[in-house]
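**Student:** To convert, note that position 244 of the sequence shown is 243 in numbering that gives the first Met the number 0; the numbers rise steadily by one, no gaps.
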Amino acid sequence: MAYIDNLLICLPYMLVLFTFSGLILLRIIRKFKELDYIWNELLIFGCFLAVTLLFPLMVEIPEWTVLIQLLVVGGLFIIPLIEYRRIRRWTKEGEFDKINERDYEQFIIKFPGEYTSARDIRRKLYHALIPIVVIVGYSIGLYIGGPINGDTIGRFIIFNIGFALVNLFTLGDLLRLYNFKYIPGWGVNLFTSAMKKKELRSYSSPPGTIVAIAIFFVLPFPIFASVAMLIGVSDSMASLVGKNFGKRDLKAGSDKKLEGTIVGVVVGFISTLVLCFVFSPLWRWYVNLLLALTAAGVFALFDYIDHPTINDNLSVPIVAGLLMWLIAHGFALL
């Protein structure tokens, strides 16, 4: 009943997400034989579709916020329209060199392929933004609403910021892959600093990561936040430590370092344990321990597997979230 009651007010949000899902699926169908990361893109499509269908269960949405979010989304869509007018003006004035500068193939050729710690840190900061928004937003909600309304307000804050970020990153990715010339200069710089070279022919990390985590927004907050921490902090710490201080390969032929994986596992375990004890102090200690071991175990497993065509920013939150959901269901935490 709650799903049906919320469906109408959630419809504008769902239409936006469904449009993104459709465009992602269209690209998969059109370029099925050309895509190197077909499973990755199918996972992203599945995550977007799942979030779209789960949307009415996620949060209580006051009617007045629908208008605000639609204005935000509309504002984002104005950006390519402005660039479209600029391209038309350049065409009329014969400034084809400026248009050629926005050729995507040229962007790929000029893209810096070598690893630098500065670029990696900037990339990891985008990932860290996710758990920061989740934990800070929820804490503000608890402070404002107290024990009665805190959860609702906290989730409402996370939802609004998260939805805006999903739109920003997804629209940017779709423009990059469908019509790169309509991305402004600051957007090009953003992609240059946030992407890996292997992502140039596919989607960048943020959109898929956010929606993969968002699937578990309906679960108790410690589980949802733990999934966000696994990617935003554990994975980032593992990567930075491994690349800058790692000495031993995790396995033969792998770029991953044992030292980085150990740091990621420890951070994942401790962060999950702390989140459970702080935000759900009534949960039994052994349930918290089991959840923490699950989060750390999933991180270790996928860091070791290191599948070349599936982004662990998708696989880790999906598998960890599903297993933690089963544990929560088994111990009647839902």
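Idealized CB from N, CA, C, for every residue including glycine. From a predicted model like this one, the values you see are computed outputs, not experimental measurements.
Whole angstroms are fine: how far does the CA of D102 sit from the CA of R88?
**Tutor:** Taking the sequence shown and counting its residues from 1, one reaches residue 88 at position 89. Taking the sequence shown and counting its residues from 1, one reaches residue 102 at position 103. Their Cα atoms are separated by approximately 17 Å.
**Student:** Leaving out five residues on either side along the sequence, give the residues of the same chain with a beta carbon under 7 Å from the beta carbon of M236.
**Tutor:** Along the sequence shown, one-based indexing puts residue 236 at 237. V262, G263, V266, listed in sequence order.
**Student:** Might you give, ordered along the chain, the residues of its own chain that have their beta carbon closer than 8 Å to the beta carbon of L218, omitting 5 neighbours on each side?
**Tutor:** Within the sequence shown, numbered from 1, the residue matching residue 218 stands at position 219. Hits under 8 Å: G320, M323, W324, A327, L333.
**Student:** Determine the direct distance from the alpha carbon of L170 to that of E198, and round the result to whole angstroms.
**Tutor:** On the sequence shown, position 199 is the one that residue 198 refers to. On the sequence shown, position 171 is the one that residue 170 refers to. When rounded, the distance between both Cα atoms is 16 Å.
**Student:** Residues in the same chain with beta-carbon distance under 8 Å from Q105, minus the five sequence neighbours each way, listed in chain order, please.
**Tutor:** Mapped onto the sequence shown, residue 105 falls at position 106. So the list reads N99, once near-sequence residues are dropped.
**Student:** With a 10 Å radius around its C-beta and 16 neighbouring C-beta atoms as the bar for buried, classify L313 as buried or exposed.
**Tutor:** As a first step, residue 313 is located in the sequence shown; it is residue number 314 there, counting from the start. Label assigned to L313: buried.
**Student:** What is the residue span of the alpha helix (DSSP H) that F158 lies within?
**Tutor:** Numbered from its first residue, the sequence shown carries residue 158 at position 159. Run containing F158: 116 to 177, per the alpha helix (DSSP H) assignment.
**Student:** What is the DSSP secondary structure of D248, reduced to helix, strand or coil?
**Tutor:** Within the sequence shown, residue 248 is the residue found at index 249, counting from 1. DSSP places D248 in strand when its eight states are reduced to three.
**Student:** Can you tell me which residues form a DSSP beta bridge with K32?
**Tutor:** Translated into positions along the sequence shown, residue 32 becomes position 33. DSSP output for K32 lists no bridge partner at all.
**Student:** Suppose you measure from the CA of I23 to the CA of W284; what does that come to, to the nearest Å?
**Tutor:** Residue numbering aside, residue 23 sits at position 24 when the sequence shown is read from its first letter. Residue numbering aside, residue 284 sits at position 285 when the sequence shown is read from its first letter. Cα-Cα distance, rounded: 42 Å.
**Student:** Using the C-alpha atoms, what's the distance from S20 back to F31?
**Tutor:** What you label residue 31 is simply residue 32 of the sequence shown in a count that begins at 1. What you label residue 20 is simply residue 21 of the sequence shown in a count that begins at 1. Whole-angstrom Cα-Cα distance: 16 Å.
**Student:** Is K180 helix, strand or coil when you go by DSSP?
**Tutor:** What you label residue 180 is simply residue 181 of the sequence shown in a count that begins at 1. Note: K180 maps to helix in three-state DSSP.
**Student:** Can the beta-carbon of L129 be found closer than 8 Å to that of I212?
**Tutor:** Taking the first residue of the sequence shown as position 1, residue 129 is located at position 130. Taking the first residue of the sequence shown as position 1, residue 212 is located at position 213. The sequence shown places Ile at residue 129, rather than the Leu named in the question. For I129 and I212, yes; Cβs fall inside 8 Å.
**Student:** Give the C-beta separation of K255 and L249 to the nearest angstrom, bearing in mind that I take them to be a contact with Cβ-Cβ under 8 Å.
**Tutor:** Walking along the sequence shown from the start, residue 255 turns up at place 256. Walking along the sequence shown from the start, residue 249 turns up at place 250. Their Cβ separation, rounded to whole angstroms, is 4 Å, which keeps K255 and L249 in contact under 8 Å.
**Student:** Within this structure, are the beta carbons of H126 and T208 separated by less than 8 Å?
**Tutor:** Reading the sequence shown from its first residue, position 127 is the one you call residue 126. Reading the sequence shown from its first residue, position 209 is the one you call residue 208. The answer is yes: Cβ separation under 8 Å.
**Student:** From the DSSP secondary-structure annotation, give me the bridge partner or partners of K242.
**Tutor:** Counting from one through the sequence shown, the residue named residue 242 turns up at place 243. Looking at the DSSP assignment, K242 forms no beta bridge with any residue, so it has no partner.
**Student:** Classify G93 as buried or exposed, calling it buried when 16 or more other Cβ atoms lie within 10 Å of its own Cβ.
**Tutor:** Mapped onto the sequence shown, residue 93 falls at position 94. With fewer than 16 other Cβ atoms within 10 Å, it is exposed.
**Student:** In three-state DSSP terms, what is K97?
**Tutor:** Along the sequence shown, one-based indexing puts residue 97 at 98. It is helical.
**Student:** Got a sec, what are the start and stop residues for the alpha helix (DSSP H) V262 sits in?
**Tutor:** Walking along the sequence shown from the start, residue 262 turns up at place 263. 257 to 278 is the extent of the alpha helix (DSSP H) around V262.
**Student:** Reducing DSSP to helix, strand and coil, say where Y13 ends up.
**Tutor:** The residue you call residue 13 lines up with position 14 of the sequence shown. Looking at the sequence provided, one finds Met at residue 13 rather than Tyr. DSSP places M13 in helix when its eight states are reduced to three.
**Student:** Please say whether A294 and L229 have beta carbons closer to each other than 8 Å?
**Tutor:** Here residue 229 refers to the residue found at position 230 of the sequence shown. Here residue 294 refers to the residue found at position 295 of the sequence shown. Cβ distance < 8 Å, so L229 and A294 count as in contact.
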